[in-house]
Amino acid sequence: MLYRPYGTTGKSCSVLGFGGMRFADIDDREACVAALVRAAQGGVNYFDTAPAYFGVKSEEAFGEGFRELRRLRLPYYCSTKTFAGTEKAIREEIEAQLKRLNVNSIDFYHVWCVLTLPAWEERKRQGVLKVFRALKEEGLVKHVCVSSHLLGDEIRQLLDEDLFEGVLFGYSAYNFPAREKAFDAIRARRLGCVVMNPLGGGLIPQNPQVFDFIRSHPGQSLVEAALHFIWSHPEISVALVGFADTRQVDEALAAVTSFRGVDERHVQRIRDTIGGSLADLCTGCQYCEPCPEGVPVSKMMDTYNHFRLAGGAEAGGKAAALDRLKWHWNVRAALASRCSECGQCERACTQHLPIVERLRQIAELGA
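Read in order, the letters of the sequence shown are residues 21 to 387 in my numbering.
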């Protein structure tokens, strides 16, 4: 296993992390614990979950897993999150989480799912920063972190709080051009950096013909290629993979063993391909916003990427899109129906994408 510093915290984390939202059968607790143990035996020490993954069942599975890891004397760091904003709600949540996770403190505790700056300002008004500082002073939280999908200058404003020691954000071989400004902001502050969805939410391995270009050499699997791309960024502490079972754990562990770095020329080829054959995928520049009707256009276009790559309406596209909206963006497909077809977003789009038509298709998914 390879280990990297988590920012300036003094902690060293495995470059491969265990994400807890994709268990094959969350009610098969023995299988869930077996996957956690297999990962830890392979050197994984970063385990991330949240209170809404399978309800609270993911945290419960992690709690049983952590008990077994302690019995086997395998080291681990516990990472989880809260969407709550008020002191009362946060304290009630973390008290329940500590019990579910079978721990006395949480190593990496995240202000969860910061999607817009207005929403962030509201949570600040509710006192979220004060509460998180208090939780750290009390020893219930070791490191205060944030999970966000904000891009560019927006994430800079979030990180200006000078409280966060680490950031969890989306980054992969297919969307990295749109995420680079946000990544630059994280790097500039020398924060711990954990990447979610390094496999594109499963889209990369599920679409081998589309993403064959990310392979750097023959025989390399797409899982290896996607993870090797992430690990070639030395500032990334952990690539967080959601595992269904022990087979997937073994596949990702093999990718660590085979990692030898990625040549900059290959990264440029990936960039060129994204701008070529995949040029009609939204890059998330956000020039399409704000929408006068309040439609979160860039989030809907990101969702359309998943819809298209998963095969569209005739294949698994609907499920992929609805899953993306629910778990990644926390918005409803019905919001797309607010579009008045004014065309403002299309006029601003640097890629000249048919945004109105795509919004119409997404709205139909939620009908």
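Here a beta-carbon is modelled for each residue, glycine too, at the ideal position from N, C-alpha and C. Treat the numbers as computed from the prediction; the structure is a model and nothing was measured.
Going by Cα to Cα distance, which pick from the options is closest to residue i?
{"i": "His169", "options": "Ala198, Ala154, Glu141", "result": "Ala198"}
{"i": "His163", "options": "Gln177, Ser125, Gly83", "result": "Ser125"}
{"i": "Pro316", "options": "Phe86, Ser357, Gly337, Ser241", "result": "Ser357"}
{"i": "Glu255", "options": "Thr102, Lys201, Gly212", "result": "Gly212"}
{"i": "Thr392", "options": "Phe196, Arg111, Gly172", "result": "Only positions 21 to 387 of the chain appear in the structure, and residue 392 is not among them; the question remains open."}
{"i": "Ala330", "options": "Gly220, Asp48, Met216", "result": "Gly220"}
{"i": "Leu149", "options": "Pro138, Cys165, Val215", "result": "Cys165"}
{"i": "Lys156", "options": "Glu142, Val131, Lys319, Leu137", "result": "Val131"}
{"i": "Asp232", "options": "Ile290, Gly186, Arg280, Cys302", "result": "Ile290"}
{"i": "Ser167", "options": "Val151, Tyr191, Gly147, Leu160", "result": "Tyr191"}
{"i": "Lys346", "options": "Leu379, Ala81, Cys133, Ser34", "result": "Cys133"}
{"i": "Pro374", "options": "Leu188, Cys302, Ala205, Gly386", "result": "Cys302"}
{"i": "Leu56", "options": "Gly27, Glu88, Gly186, Leu385", "result": "Glu88"}
{"i": "Gly172", "options": "Leu135, Ile224, Val151", "result": "Leu135"}
{"i": "Leu223", "options": "Ala205, Ile206, Glu200, Ala193", "result": "Ala193"}
{"i": "Arg328", "options": "Leu385, Ala205, Gly314", "result": "Leu385"}
{"i": "Val76", "options": "Lys108, Ala59, Phe43", "result": "Phe43"}
{"i": "Glu112", "options": "Leu94, Pro138, Val151", "result": "Val151"}
{"i": "Gly27", "options": "Val376, His286, Gly186", "result": "Gly186"}
Just the Cα atoms here: how many angstroms apart are residue i and residue j?
{"i": "Ala154", "j": "Glu284", "result": "44 Å"}
{"i": "Gln226", "j": "Val243", "result": "10 Å"}
{"i": "Ser78", "j": "Ala333", "result": "30 Å"}
{"i": "Arg145", "j": "Thr106", "result": "9 Å"}
{"i": "Trp349", "j": "Ala341", "result": "11 Å"}
{"i": "Phe203", "j": "Ser257", "result": "12 Å"}
{"i": "Ile175", "j": "Gly336", "result": "32 Å"}
{"i": "Cys308", "j": "His372", "result": "10 Å"}
{"i": "Tyr129", "j": "Thr102", "result": "8 Å"}
{"i": "Trp140", "j": "Asn325", "result": "26 Å"}
{"i": "Ser236", "j": "Ala246", "result": "10 Å"}
{"i": "Ile46", "j": "Met216", "result": "20 Å"}
{"i": "Glu158", "j": "Val123", "result": "15 Å"}
{"i": "Val214", "j": "Ala259", "result": "6 Å"}
{"i": "Glu115", "j": "Glu361", "result": "47 Å"}
{"i": "Cys359", "j": "Ala353", "result": "12 Å"}
{"i": "Gln381", "j": "Lys338", "result": "10 Å"}
{"i": "Ala72", "j": "Gly363", "result": "36 Å"}
{"i": "Val53", "j": "Arg378", "result": "41 Å"}
{"i": "Met21", "j": "Glu142", "result": "41 Å"}
{"i": "Ala368", "j": "Pro310", "result": "10 Å"}
{"i": "Leu121", "j": "Glu200", "result": "34 Å"}
{"i": "Gly62", "j": "Gly30", "result": "22 Å"}
{"i": "Glu271", "j": "Lys119", "result": "32 Å"}
{"i": "Tyr23", "j": "Gln240", "result": "22 Å"}
Determine which residues share a DSSP beta bridge with residue i and list them.
{"i": "Val131", "result": "Thr102, Val166"}
{"i": "Gly222", "result": "Gly222 is not bridged to any residue."}
{"i": "Ile126", "result": "Val161"}
{"i": "Tyr73", "result": "Per DSSP, none; premise fails for Tyr73."}
{"i": "Ser32", "result": "Pro25"}
{"i": "Asp68", "result": "Gly39, Ser99"}
{"i": "Cys213", "result": "Val187"}
{"i": "Leu260", "result": "Gly37"}
By a C-beta neighbour count over all protein chains shown, 10 Å radius and 16 as the cutoff for buried, is residue i buried or exposed?
{"i": "Asp322", "result": "buried"}
{"i": "Gln117", "result": "buried"}
{"i": "Ser208", "result": "Checking the displayed sequence, the identity of residue 208 turns out to be Ala instead of Ser. The residue in question, Ala208, is exposed, as its Cβ has fewer than 16 Cβ neighbours within 10 Å."}
{"i": "Gly85", "result": "buried"}
{"i": "Cys365", "result": "buried"}
{"i": "Ser32", "result": "exposed"}
{"i": "Arg344", "result": "buried"}
{"i": "Asp300", "result": "exposed"}
{"i": "Lys319", "result": "buried"}
{"i": "Leu188", "result": "buried"}
Could you tell me whether the Cβ of residue i comes closer than 9 Å to any Cβ of chain B?
{"i": "Leu342", "result": "Protein chain content of the structure displayed is limited to a single chain, and chain B is not contained in it."}
So, does the stretch 96 to 104 touch the stretch 61 to 69, judging by three or more C-beta pairs under 8 Å? With the rule of 3 Cβ pairs closer than 8 Å, the stretch 96 to 104 counts as touching the stretch 61 to 69.
Determine, using beta-carbon pairs with one atom in the stretch 246 to 255 and one in the stretch 273 to 293, whether at least three such pairs fall under 8 Å. Yes, the stretch 246 to 255 is in contact with the stretch 273 to 293.
Pair every Cβ in the stretch 259 to 266 with every Cβ in the stretch 37 to 48, then say whether three or more of these pairs are closer than 8 Å. Cβ pair count under 8 Å is three or more, so yes.
Taking contact to mean 3 or more Cβ pairs, one atom from each stretch, closer than 8 Å, check whether the stretch 175 to 188 and the stretch 224 to 239 are in contact. No, the stretch 175 to 188 is not in contact with the stretch 224 to 239.
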